[in-house]
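Going by my numbering, the first residue of the sequence shown is number 36, and it counts up by one from there. Ideal placement from N, C-alpha and C gives every residue a C-beta, glycine not left out. Remember, predicted model here, so these are calculated numbers, not experimental data.
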Amino acid sequence: MLAEKHVQDNQKNVKRDKKAKIAYIQEATCMLIATKGYENVTIRDIAEAAGVSIGLIYKYFPGGKFDILKEISSRYTGELLMTKKPENINFNDFPGYIRNVISNILQYTKENRFLVKALILSALLDGEILEEYKKMDKTDFEYKQHKNASELFCRFNGVEIGDKDPLEVFTDWGIMVDGIIFYTIYSPNFIKSEESLTDLMVDLSLKIWGYQDHKIFQDQASQ
């Protein structure tokens with residue numbers, strides 16, 4: 036019994052140690068990208084900042100820094116889009132949902148301004164991140180996560196995209212969100228207030244997703 040308990044304790048310690056090291060790697064990557072830019076960060080930089088070996092990073096993240104970035108992204112995507120608990124979403128209120136999502140994204144941007152700035156700038160100018168995304172296949176977790184999010188958007192009453200691919204619409208929506216955030220980071224005077232910025236992004240989101248308020252049509256028809 037004592038020997039079995041000792042083995043179980045060791046296994047728990049190994050799991051905790053692995054989780055801690057992965058967290059160190061992710062935190063170091065975020066810090067380096069925020070200060071140096073995605074394209075200038077090497078695996079050696081990350082290893083030194085995280086206090087781990089290069090081999091260990093490739094053990095946990097075979098695809099290198101892009102795999103680290105995907106892991107970080109997937110950690111927050113569910114929270115920002117509120118897809119982890121769809122049972123708590125009111126599918127009759129797409130405008131309200133989008134407003135909450137935009138507010139979450141703006142709050143995350145505010146708290147991680149330099150990281151968001153560096154990532155968007157790298158994607159726009161260097162193209163390395165975009166090229167990596169193009170290589171993703173349909174079995175990739177990030178691809179599945181975006182596809183699931185796009186399909187969730189289409190479940191809302193009033194969202195009408197016709198025969199368009201939901202994932203393509205989701206990608207267009209993401210480009211719009213990234214573009215406005217990038218512009219506001221570099222030109223903070225562009226928007227008078229966070230409320231007006233939210234209103235703008237919500238209005239554009241509703242247009243991109245072809246939202247039609249059926250309640251308005253029903254009220255008009257009954258008059």
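Taking the straight line between their C-alpha atoms, what separation do you get for residue i and residue j?
i	j	result
ILE210	ILE78	28 Å
LEU241	PRO130	7 Å
ASN45	ALA84	Its pLDDT being 42, under 50, ASN45 is placed unreliably by the model, and the measurement read from it follows with that caveat. Between ASN45 and ALA84, the C-alpha separation is close to 27 Å.
LYS56	ILE92	9 Å
VAL151	MET236	17 Å
GLN43	LYS54	Because GLN43 carries a pLDDT of 41, less than 50, the predicted location of this residue cannot be relied on, and the following value inherits that uncertainty. The alpha-carbon atoms of GLN43 and LYS54 are separated by roughly 17 Å.
GLU230	THR219	13 Å
TYR73	ILE133	29 Å
MET66	ILE226	28 Å
ARG110	THR64	14 Å
LYS100	LYS71	14 Å
HIS41	ARG190	Annotation note: pLDDT 38 at HIS41 (below 50); position unreliable, no value reported.
SER108	TYR178	12 Å
GLU122	TYR246	21 Å
GLU39	TYR221	Reliability fails at GLU39, whose pLDDT of 43 lies under 50, so the model's placement of it is uncertain and the value that follows must be treated cautiously. The alpha-carbon atoms of GLU39 and TYR221 are separated by roughly 58 Å.
GLY86	TYR143	27 Å
ASN224	GLY214	16 Å
ILE103	ASP80	13 Å
GLN253	ASP200	Bear in mind that the predicted position of GLN253 carries a pLDDT of just 47, short of 50, making it unreliable; the figure below should be weighed with that in mind. Near 28 Å, if we compare the C-alpha coordinates of ASP200 and GLN253.
LYS105	PHE188	21 Å
ASP198	ASP248	19 Å
GLY90	ASP238	47 Å
ASP52	LYS94	14 Å
LEU202	ILE140	19 Å
ASN75	SER228	34 Å
TYR59	LYS120	28 Å
PRO97	THR206	26 Å
ASN48	ILE196	Any answer about ASN48 is weak, because its pLDDT of 46 lies below 50 and its placement is not dependable; what the coordinates show is given next. Cα to Cα, ASN48 sits roughly 50 Å from ILE196.
With respect to the alpha helix (DSSP H) encompassing residue i, which residues constitute its N-terminal and C-terminal limits?
i	result
GLU230	229-243
SER96	It is Phe, not Ser, that sits at residue 96 in the sequence shown. Careful: PHE96 lies outside any alpha helix (DSSP H) and carries neither H nor E.
MET211	201-221
ILE196	That residue, ILE196, is in no alpha helix (DSSP H); it is neither H nor E in DSSP.
PRO121	Segment: none, PRO121 is in no alpha helix (DSSP H) and carries neither H nor E.
PHE129	129-146
ILE81	78-85
With C-beta atoms as the reference, is residue i less than 8 Å away from residue j?
i	j	result
GLN61	THR112	no
SER138	THR233	yes
VAL204	ILE243	yes
ALA69	ALA153	yes
ASN127	ASN192	yes
ILE155	ILE216	yes
Check: Is the stretch 134-149 in contact with the stretch 191-211, if contact means three or more CB pairs nearer than 8 Å?
Finding: no
Margin query: Taking 8 Å as the cut-off, does the stretch 100-119 touch the stretch 181-188 (at least 3 CB pairs, one atom from each stretch)?
Written below: Short answer: they touch.
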